[in-house]
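According to mature numbering (1 follows the signal peptide of the UniProt record, and there is no 0), the residues represented by the sequence shown are -24 to -1, 1 to 279, in order.
Ideal Cβ placement from N, Cα and C applies to all residues, glycine included.
Computed from a predicted model, the values in this text were never measured in an experiment.
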Amino acid sequence: MNARHLSFALTTAVCLLSSSAVLAKPYRAMVTRTASTTRPGNLELGLRYQGFFSLEQGKSLPYHQVSPSIRWGIVDNVEANVYFEVLGIGTPGENNFQVAFGDIPLGLQWTFLEAGPLALGAYGRVTFPTGPSDQDAIQPLLSDGTWDIEGTLIAELRVTKDLRFMLNPSYLHHGTRDRGSRADFDVPDALQLAVAGTYNINDQTLVGLEVIGRRYFEPAITPTWTNNANQVEIIPVVRRELFPGLVLEAVAGIAVTPDLSDIYNFRVLLGGTYEFDLASGPNLPTKNPVKKPTPPKKKPTKR
């Protein structure tokens, strides 16, 4: 199944499926932020892989990212998160392949309004520049070794217990790349708009579709990508909860505009998260759960 058919299938599933199940997890979209936060006193550990690919040889960004993450609920409707990014630059197995430590984004979300089906929140993030800033092919949204600041408004409409729509307008401030002996490069700021719809098929499975649009204030977004200011990506989403708290997710982001497809045609995102109560610790399932003995059946009395 190619990317276009996969996107159509998931969109159809979101539109046609209906269910009367209770509010189910997983509830997050893959990239777009939801107004639902991690519960107070809970910790969510995550691990995500991103790979960028092209259908034309030589166009694909030679970049792979593995990102462990931590989310924790501070109080009701307030959560913090931190990511640690590890980069693989080049093609694994070839001589030019190298591994580098990436940037460290630290964020805070506050959902300040929940009125009926509508929820509103705000998200702020600061990225500490610990990644390689001399790699000109890495686009600004990845670990490019610059101080970055993000401000995002979050709107969520919970149409039913299973169907949600999310809207994330964002301002993205990017810093300056230190390119060593070469001239520094001032990465332009950008406006971003993310729209998503998610649907819980049942208590364990969620499908969704996201559209991410981005507009940089200058056409040159890196020294390599000099005319790539307008970027739109479609992201079909599939999430599955294996057991309470443990969620696996998989998507394939598809570049829509030429400015983005010049950099990559599609990206693969694979990940998993596990949320648990810090007070009681992780509660992993056992292979042979202890079953309560069933009481013996009463014999019928003779008359």
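Collapsed DSSP secondary structure at residue i in the structure displayed
i, result
"ASP124", "strand"
"LEU118", "coil"
"THR103", "strand"
"LEU236", "helix"
"THR174", "strand"
"TRP48", "strand"
"residue 353", "As displayed, the chain neither begins before -24 nor continues past 279, which places residue 353 out of reach and without an answer."
"PHE73", "coil"
"residue 293", "Within the shown structure, residues of the chain are numbered from -24 to 279, placing residue 293 beyond reach of any answer."
"ASN53", "coil"
"ALA5", "coil"
"ILE197", "coil"
"GLU225", "strand"
"PHE141", "strand"
"GLY64", "strand"
"ALA11", "coil"
"VAL135", "coil"
"SER43", "strand"
"SER256", "coil"
Beta-carbon proximity of residue i to residue j, cut-off 9 Å
i, j, result
"LEU246", "GLU225", "yes"
"ASN57", "LEU31", "no"
"THR249", "VAL223", "yes"
"VAL62", "SER43", "yes"
"TYR25", "HIS40", "yes"
"PRO164", "LEU133", "no"
"TYR147", "GLN180", "no"
"LEU129", "LEU96", "yes"
"GLY121", "ARG158", "no"
"GLY17", "GLY64", "no"
"GLY127", "GLY100", "yes"
"THR198", "PHE161", "yes"
"MET6", "ILE211", "yes"
"VAL135", "TRP86", "no"
"ILE177", "ASP124", "no"
"GLY257", "ARG215", "no"
"GLY27", "VAL244", "yes"
"LEU23", "PHE252", "no"
"ASN72", "PRO38", "yes"
"MET142", "THR13", "no"
"VAL227", "LEU182", "no"
Where the beta strand (DSSP E) through residue i begins and ends
i, result
"LEU84", "80 to 91"
"PRO260", "A quick correction: the sequence has Leu, not Pro, at residue 260. Taken as a continuous stretch (DSSP letters only), LEU260 belongs to no beta strand (DSSP E), as it is neither H nor E."
"LEU19", "18 to 29"
"PHE242", "242 to 253"
"ASN206", "206 to 219"
Below-9 Å beta-carbon distance, residue i vs any chain B residue
i, result
"GLN115", "The structure shown contains no chain B, having only a single protein chain."
Can you confirm whether the region 232 to 251 touches the region 105 to 112 when touching is taken to mean that 3 or more C-beta pairs between the two stretches lie within less than 8 Å? no
Using 8 Å as the cut-off, can you tell me whether the region 160 to 172 makes contact with the region 186 to 199, which would need three or more C-beta pairs spanning the two stretches below that distance? yes
Ignoring anything shorter than 3 residues, give me the beta strand (DSSP E) runs that lie fully in the region 145 to 193, in order along the chain. 166 to 176, 181 to 192
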